[in-house]
Amino acid sequence: MLFGKMPISNRFVSEVNNAEYFYDLSICFCPGCFMVQLENCVEPTMMFNEDYAFYSSTSEAMSAHFKNIAEEISAAVQGRPSPLVVELGCNDGIMLKHIAEQGIAHLGIEPSANVAALARERGVCVIENFFAAESAGKILGKNGQADIICGSNVMCHIEEINSVFKGINILLKPDGVFFFEDPYLFDIIKKNTFDQIYDEHVYYFCGLSISELAQRHNLQLVDMIPQNVHGGSMRYYIRKGNNNTVSQNVEHYLLQETNLNLHNINGYIAFKDKVNKICYDFTKTLREIKSKGHRIAAYGATSKSATLLNYSKVGPGLIDYVSDTTPVKIGKYTPGTHIPVKSHEHFIADSPPYTVLLAWNHKHEIFNKEKKYRQAGGKFITFFPKVAIE
Ligand code: TYD
């Protein structure tokens with residue numbers, strides 16, 4: 101499916117000019133290995149650098165989620181001799197800071213200098229690099245093999261996925277475990293959450309594709325556990341070899357995916373029409389509200405909103421500003437569509453009659469936080485599973 105020209109989703113611009121970088125966003129499906137992926141990848145250093153605007157620690161629910169991961173890890177390494185925990189893409193240390201606090205040997209691999217610096221401030225040991233077979237070899241030489249290697253919302257970012265899996269083979273202890281979570285393709289197709297498709301998300305994983313990928317590297321998918329974050333994510337557990345105990349979950353989720361036809365092109369054909377319907381209804385709703393003279397703001401300058409806003413061609417003519425709590429985004433403009441980003445304090449003082457919930461994945465947390473706004477008559481515009489005013 102072709103989405104057309106898109107900007108770098110996390111590149112909030114300081115001034116509106118013609119210097120912005122655009123690429124062609126489209127996704128494709130491989131019937132051989134069941135992978136769904138971007139057709140054109142953006143050079144990683146264009147996305148992950150010192151200007152990277154994504155800070156993990158912006159949501160309370162996500163902070164709690166990462167604390168749970170840390171608890172699972174510390175329970176798993178208990179009793180193991182000199183355990184080592186490695187996190188790929190540790191961002192601002194939201195998870196590893198808990199591991200560091202417990203004095204467990206750990207290493208975060210993070211290519212974006214600004215978030216890596218924050219992680220260090222939180223006591224996390226960080227290597228500023230991309231993870232691949234080569235860097236895995238270097239880490240092995242210095243730190244030895246890891247008991248646990250993990251990654252959240254990072255594996256789907258890495259185009260050189262085969263090199264990452266080679267690196268896992270190098271760095272993981274024979275009885276170690278590698279687990280990672282990413283937005284789940286099944287949820288994206290089932291709920292039409294197409295805004296998960298953007299430059300950083302090179303791959304859209306499901307059990308079928310991960311099982312194939314693991315086998316290719318003499319690794320085995322041994323468990324799958326759904327996660328109620330990012331609108332529906334899946335955590336995959338992988339071990340070395342092909343003779344491990346495999347949880348019944350794997351069979352269950354592979355069957356669920358096959359029933360949705362994710363193993364052949366038929367599962368994807370209706371997706372484009374459904375996406376176009378949501379975008380059509382979305383712009384129609386905004387235009388109707390605007391034609392009645394009402395102001396519209398938006399909530400959450402998310403990466404994913406780059407796809408919704410650019411594909412629907414919604415800019416400052418329809419949305420006055422986007423409220424966000426991330427300091428580096430405030431005062432800038434959304435990529436491609438150039439809607440000003442303003443502080444949450446501005447949103448509270450302004451109390452616009454309508455607000456598009458761009459950060460729909462945090463709906464529960466945001467509706468809780470904005471009870472007063474809603475009680476005073478403020479309305480949120482949501483768009484999944486269909487456009488609604490709540
Ligand atoms: P996120 O959910 O990580 O989405 P993406 O991966 O698409 O960037 O981003 C959430 C954004 O919303 C982030 O910029 C912070 C912002 N936000 C708020 O402004 N207020 C809130 O209460 C929450 C939960 C998020």
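Numbered according to the working numbering, the sequence shown spans residues 101 to 490. Think of the CB as a built atom: it goes at the ideal place given N, C-alpha and C, for glycine as much as any other residue.
What are the boundary residues of the alpha helix (DSSP H) that includes residue i?
i: A41; result: Residue 41 lies beyond the range of the chain shown here (101 to 490); nothing can be said about it.
i: Y121; result: From DSSP, Y121 is part of no alpha helix (DSSP H); its letter is neither H nor E.
i: I396; result: Where I396 is concerned, there is no enclosing alpha helix (DSSP H), although the beta strand (DSSP E) it sits in stretches over I396 to Y399.
i: F265; result: I261 to L271
i: H330; result: Neither: H330 is in no alpha helix (DSSP H) and is coded neither H nor E.
i: G189; result: Here G189 belongs to no alpha helix (DSSP H), and DSSP marks it neither H nor E.
i: S174; result: E160 to V177
i: N66; result: Since the first residue shown for the chain is 101 and the last is 490, residue 66 is missing from the structure and cannot be characterised.
i: K463; result: K463 to K469
i: L418; result: Per DSSP, L418 belongs to no alpha helix (DSSP H) and is neither H nor E.
i: T145; result: P144 to M147
i: S235; result: A233 to N243
i: Y411; result: S405 to S412
i: D287; result: L285 to K291
i: Q315; result: G307 to R316
i: V215; result: A213 to E221
i: I199; result: L196 to E201
Is any non-hydrogen atom of the ligand TYD found closer than 8 Å to the C-beta of residue i, if you look at the structure I gave you?
i: D192; result: no
i: I258; result: no
i: T96; result: With the chain running from 101 to 490 in the structure shown, residue 96 is simply not present.
i: T293; result: no
i: S403; result: yes
i: K429; result: yes
i: H523; result: Absent from the structure is residue 523, since the part of the chain shown begins at 101 and ends at 490.
i: F134; result: no
i: S159; result: yes
i: E465; result: yes
i: H444; result: yes
i: H330; result: yes
i: N243; result: no
i: T345; result: no
i: D424; result: yes
i: V478; result: It should be noted that the sequence gives Gly, not Val, for residue 478. The answer is no for G478.
i: K469; result: yes
i: N410; result: no
i: M162; result: yes
i: N110; result: yes
i: G251; result: no
i: A246; result: no
i: G400; result: yes
i: F154; result: yes
i: A459; result: yes
Which word fits residue i, buried or exposed, when buried means at least 16 other C-beta atoms lie within 10 angstroms of its C-beta?
i: N343; result: exposed
i: T293; result: buried
i: E234; result: exposed
i: V116; result: exposed
i: E150; result: exposed
i: K432; result: buried
i: E221; result: exposed
i: I439; result: buried
i: R111; result: buried
i: G367; result: buried
i: D124; result: exposed
i: E187; result: buried
i: N191; result: buried
Check for me: the beta strand (DSSP E) holding residue i runs from which residue to which?
i: Y454; result: Y454 to L457
i: T482; result: K479 to T482
i: Y337; result: S333 to K340
i: I248; result: A246 to S252
i: Q356; result: First-last for Q356: Q348 to N359, but that is the alpha helix (DSSP H), not the beta strand (DSSP E).
i: V136; result: V136 to L138
i: P107; result: L102 to P107
i: L207; result: A205 to I209
| request: Give a yes or no on contact between the stretch 268-287 and the stretch 241-251, applying the rule of three or more CB pairs nearer than 8 Å. | output: yes
| Does the stretch 395-406 come close enough to the stretch 360-379 that 3 or more CB-CB pairs lie under 8 Å? | no
| task | Indicate whether the contact test is met: 3 or more Cβ pairs, each with one atom in the stretch 328-344 and one in the stretch 256-263, closer than 8 Å. | result | no
| How about the stretch 423-439 and the stretch 480-487: do they share at least three Cβ pairs that are nearer than 8 Å? | no
| field | Stretch-stretch touch, CB-based, cutoff 8 Å, three pairs: the stretch 262-274 with the stretch 352-361 | value | no
| Touching or not, the stretch 197-204 and the stretch 170-182, by the rule of three or more beta carbon pairs under 8 Å? | yes
| query | For the 8 Å Cβ check, are there 3 or more pairs between the stretch 304-316 and the stretch 141-151? | reply | no
| task | Answer yes if the stretch 203-220 comes into contact with the stretch 145-159, meaning at least three C-beta pairs across the two stretches below 8 Å, and no otherwise. | result | yes
| query | For the stretch 357-364 against the stretch 311-322, are there 3 or more C-beta pairs whose distance is under 8 Å? | reply | no
| message | For the structure I just gave you, are there three or more beta carbon pairs, one from the stretch 128-135 and one from the stretch 440-448, closer than 8 Å? | response | no
| query | Counting pairs of Cβ atoms below 8 Å between the stretch 379-387 and the stretch 413-423, do you hit three or more? | reply | yes
| Any chance the stretch 317-328 sits against the stretch 293-302, with 3 or more Cβ pairs inside 8 Å? | no
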